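Novice:
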Amino acid sequence: MDSLRNVLTLVLLLLLPLAGCGERAAKSVEREQEPGPVPPGWTRLFDGVSLKNWAETDFGGQGKVEVRDGTLILGQGGDLTGVTWAGGEFPTTNFEISLQAARIEGQDFFCGMTFPVKDSFCSLIVGGWAGSIVGLSSVDDLDASENETTRSIDFENGRWYTIQLRVTDNAIEAWIDGQPVIRQALAGREISIRPEVGLSCPFGIASWRTKAALRDIRLRTLNGTR
Numbered sequence: 023m024d025s026l027r028n029v030l031t032l033v034l035l036l037l038l039p040l041a042g043c044g045e046r047a048a049k050s051v052e053r054e055q056e057p058g059p060v061p062p063g064w065t066r067l068f069d070g071v072s073l074k075n076w077a078e079t080d081f082g083g084q085g086k087v088e089v090r091d092g093t094l095i096l097g098q099g100g101d102l103t104g105v106t107w108a109g110g111e112f113p114t115t116n117f118e119i120s121l122q123a124a125r126i127e128g129q130d131f132f133c134g135m136t137f138p139v140k141d142s143f144c145s146l147i148v149g150g151w152a153g154s155i156v157g158l159s160s161v162d163d164l165d166a167s168e169n170e171t172t173r174s175i176d177f178e179n180g181r182w183y184t185i186q187l188r189v190t191d192n193a194i195e196a197w198i199d200g201q202p203v204i205r206q207a208l209a210g211r212e213i214s215i216r217p218e219v220g221l222s223c224p225f226g227i228a229s230w231r232t233k234a235a236l237r238d239i240r241l242r243t244l245n246g247t248r
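Numbering (our numbering), first residue to last: 23 to 248.
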């Protein structure tokens with residue numbers, strides 16, 4: 023009996039540091055310097071104090087969504103947790119999105135951004151498939167882990183990443199921390215989404231079995247074809 027107690031005590035001692043990792047990561051994210059003013063030409067989509075113009079996405083089994091210290095927190099759910107734009111019409115081409123995202127807990131995507139592409143939709147996945155895959159879901163019915171947009175990037179929990187997306191008449195482009203990661207031409211390609219994120223349309227952001235933080239979500243429209 024004493025031997026069993028000793029084993030259980032040892033297991034608890036080993037798990038205690040892990041239990042605090044997510045909390046420490048969350049506090050670290052919240053302590054980091056807040057974004058500055060919105061640059062000219064951009065519109066802030068998240069006000070930092072409420073879910074105004076957003077709706078919690080009813081995926082089923084989702085985690086808690088809350089706003090804390092200027093940050094939108096997506097709690098770790100059974101599968102998807104996210105928010106969907108509810109602030110009116112959203113552009114379908116010639117626009118850019120910029121946001122900051124961080125993975126607090128979990129090992130999968132912390133930014134699954136679903137967006138319009140003309141008369142269809144697509145998703146930019148950041149940190150998927152066990153934590154490192156970046157890509158578009160879907161191109162010619164191939165998801166972010168299977169098509170030519172697939173990239174592998176090591177992401178650190180508790181660190182902010184600046185994610186930028188551009189949709190034009192000709193292409194979808196994406197950058198992470200200013201580095202280009204995707205340029206997908208649209209001519210002759212079928213762009214679509216996976217059925218799981220249909221509730222994220224027209225524009226939404228979700229995480230998969232992962233606690234994530236979002237902030238400084240901005241939109242600007244572009245003139246003409248690029």
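Quick reminder that beta carbons are idealized off the backbone N, C-alpha and C, glycines included. Bear in mind that the values here come from a model prediction, so they are computed numbers and not experimental data.
Does DSSP put Glu195 in a helix, in a strand, or in coil?
Specialist: In the three-state reduction of the DSSP assignment, Glu195 falls in the strand class, which pools E and B.
Novice: Return yes when the Cβ of Gln206 is within less than 7 Å of the Cβ of Thr171, no when it is not.
Specialist: yes
Novice: Take every Cβ of the region 178-195, pair it with every Cβ of the region 130-145, and state whether three or more of those distances are shorter than 8 Å.
Specialist: Yes, the region 178-195 touches the region 130-145.
Novice: Give a yes or no on whether the C-beta atoms belonging to Lys233 and Gln98 are separated by under 7 Å.
Specialist: yes
Novice: If we count Cβ pairs, one from each stretch, closer than 8 Å, do we get three or more for the region 154-162 versus the region 91-107?
Specialist: no
Novice: Can you give the beta carbon distance from Asp238 to Leu121, rounded, assuming they're within the 8 Å contact cut?
Specialist: 6 Å
Novice: Name the residue from Glu56, Glu218 and Arg231 whose alpha carbon lies nearest to the alpha carbon of Ser145.
Specialist: Glu218
Novice: Could you spell out the range, first to last residue, of the beta strand (DSSP E) harbouring Trp253?
Specialist: Absent from the structure is residue 253, since the part of the chain shown begins at 23 and ends at 248.
Novice: Between the C-alpha atoms of Pro61 and Gly180, what's the straight-line distance to the nearest angstrom?
Specialist: When rounded, the distance between both Cα atoms is 26 Å.
Novice: Spatial neighbours of Arg173 within its chain, please: C-beta separation below 6 Å, excluding the five flanking residues on both sides.
Specialist: Val156 and Val203
Novice: Note down the Cα distance separating Asn116 from Leu187, rounded to an integer number of angstroms.
Specialist: 11 Å
Novice: May I ask you to list the residues that DSSP assigns as paired with Arg181?
Specialist: In the DSSP output, where bridge partners are listed per residue, Arg181 has none listed.
Novice: For Glu212 and Ala166, I'd like the C-alpha separation in whole angstroms.
Specialist: 14 Å
Novice: Quick check: what's the CA-CA separation for Glu78 versus Val89?
Specialist: 12 Å
Novice: Do you know how far the Cα of Val71 is from the Cα of Ser214?
Specialist: 33 Å
Novice: From Leu241, Phe81 and Arg216, pick the residue whose C-alpha is nearest to that of Ile147; which is it?
Specialist: Arg216
Novice: So what does DSSP say about Val60, is it helix, strand or coil?
Specialist: coil
Novice: Which runs of the beta strand (DSSP E), 3 residues or longer, sit entirely within the region 125-188?
Specialist: 133-139, 142-150 and 155-159
Novice: Tell me whether Ala209 is buried or exposed, calling it buried when 16 or more other Cβ atoms sit within 10 Å of its Cβ.
Specialist: exposed
Novice: Nearest to Gly109 by alpha carbon, out of Thr184, Ser142, Ile126 and Phe68?
Specialist: Phe68
Novice: Apply the 10 Å Cβ neighbour rule to Glu111 and answer buried if 16 or more other Cβ atoms are within range, or exposed otherwise.
Specialist: Classification of Glu111: exposed, given that the 10 Å Cβ count is below 16.
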